Amino acid sequence: MRQPLVAGNWKMNGSRESVAALLEGLKAGIGQVGKAEVAVCPPSIFIPQVEEALRGTPIAWGGQDVSTEASGAYTGEISASMLLDFGCAYAIVGHSERRTLHCESDELVARKFAAARGAGLKPILCVGETLEEREQGVTEQVCARQIDAVLDREGVAALADAVIAYEPVWAIGTGKVASPEQAQEVHAFIRGRIAARDAGVAEGLRILYGGSMKPDNAAELLAKPDIDGGLIGGASLKAGDFLGICLAAN
Ligand code: PEP
97 MRQPLVAGNW
107 KMNGSRESVA
117 ALLEGLKAGI
127 GQVGKAEVAV
137 CPPSIFIPQV
147 EEALRGTPIA
157 WGGQDVSTEA
167 SGAYTGEISA
177 SMLLDFGCAY
187 AIVGHSERRT
197 LHCESDELVA
207 RKFAAARGAG
217 LKPILCVGET
227 LEEREQGVTE
237 QVCARQIDAV
247 LDREGVAALA
257 DAVIAYEPVW
267 AIGTGKVASP
277 EQAQEVHAFI
287 RGRIAARDAG
297 VAEGLRILYG
307 GSMKPDNAAE
317 LLAKPDIDGG
327 LIGGASLKAG
337 DFLGICLAAN
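Numbered according to the working numbering, the sequence shown terminates at residue 346, and the numbering increases by one at each position without gaps.
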């Protein structure tokens, strides 16, 4: 039985004050969230503040990105061991905004995955197609290519400690959510692809849906057999909305 995971991706949002208020709201409501594991991924500058506030609570935290390198002359980068040092459990890799805006290739994402995992973080590997790719009917090929870059480099066993987030790019931040059937179809494809290499790893792997998930559409998405939680952008910035999604995962 896979424990659902609901992870918030705060992206580049927040201030000391708003982060403190959000964390207070999450702490106040987390007691009602029984089953799901909950995590937040703040901008890295807020990680010490998040660590201070969440240490000793059931809420985990992680980075939104991680360097491929361990240390050295890489201005602006943050290494996996630094994230670990500040209590992070997770690191998102390959978010579509990084693939698009920062030109991150499948190969680079696979190296980030390896760096995160090598340091003891659980990577959350984001995959998903653009609208154009969906319309061309190549959704499965795109997801397969993005996942295979990691599998071919790290081997299927590397996914045992990892999470995959299926995030159709056309649904991210647009308010256009994939239908539960559309999402389930791709999630089942992803699990099947991994099962072809290792059925046990595939069975245990949590595959999150991401893309305009909100409290009012979460329950029907999360009811699907291969949707094991959510990666939440906009709705993770309001404690009530985020907790509403966490409750729907119960
Ligand atoms: C995301 O960026 O990972 C995401 C799912 O964003 P949103 O929920 O805002 O669509």
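Note that beta-carbon positions come from the ideal geometry of N, C-alpha and C, so glycine has one too.
Owing to the predicted nature of the structure, the values given are computational and were not obtained by experimental measurement.
- Inclusion of I260 and G329 in the CB contact set at 9 Å is not warranted, their separation being larger than that value.
- Rounded to whole angstroms, V115 and L304 show a C-alpha spacing of 24 Å.
- For L327, the distance from the CB to the nearest heavy atom of the ligand PEP is below 8 Å.
- Straight through space, the alpha carbons of A169 and G104 are spaced by roughly 30 Å.
- In the DSSP assignment, L180 falls within the unbroken alpha helix (DSSP H) covering 176 to 181.
- Per DSSP, reduced to three states, the secondary structure at L304 is strand.
- Scanning E173, L221, F338 for the CA closest to the CA of Y186 turns up L221.
- Taking 3 residues as the minimum length, the beta strand (DSSP E) runs contained wholly in the region 131 to 190 are 133 to 137, 155 to 159, 186 to 189, in order along the chain.
- Residue pairing by DSSP puts N105 in a beta bridge opposite C137.
- The DSSP-derived three-state label of L217 is coil.
- Counting only runs of 3 or more residues that sit fully inside the region 265 to 328, the beta strand (DSSP E) segments are 302 to 306, 325 to 328, in chain order.
- Around the CB of H198, fewer than 16 other CB atoms lie within 10 Å, so the residue is classed as exposed.
- Burial check for D324: the Cβ neighbour count within 10 Å reaches 16 or more, so the residue is buried.
- For C222, the three-state secondary structure derived from DSSP is strand.
- Rounded to whole angstroms, the gap between the alpha carbons of G233 and T153 is 44 Å.
- Nearest to E165 by C-alpha distance, out of I155, A295, R213, A156, is R213.
- Judged by beta-carbon spacing, V273 lies within the 9 Å limit of K310, meaning their Cβ atoms are closer than that value.
- Where A261 is concerned, the enclosing beta strand (DSSP E) starts and stops at 259 to 262.
- Taking C-beta atoms as the reference points, A315 and A344 count as a pair closer than 9 Å.
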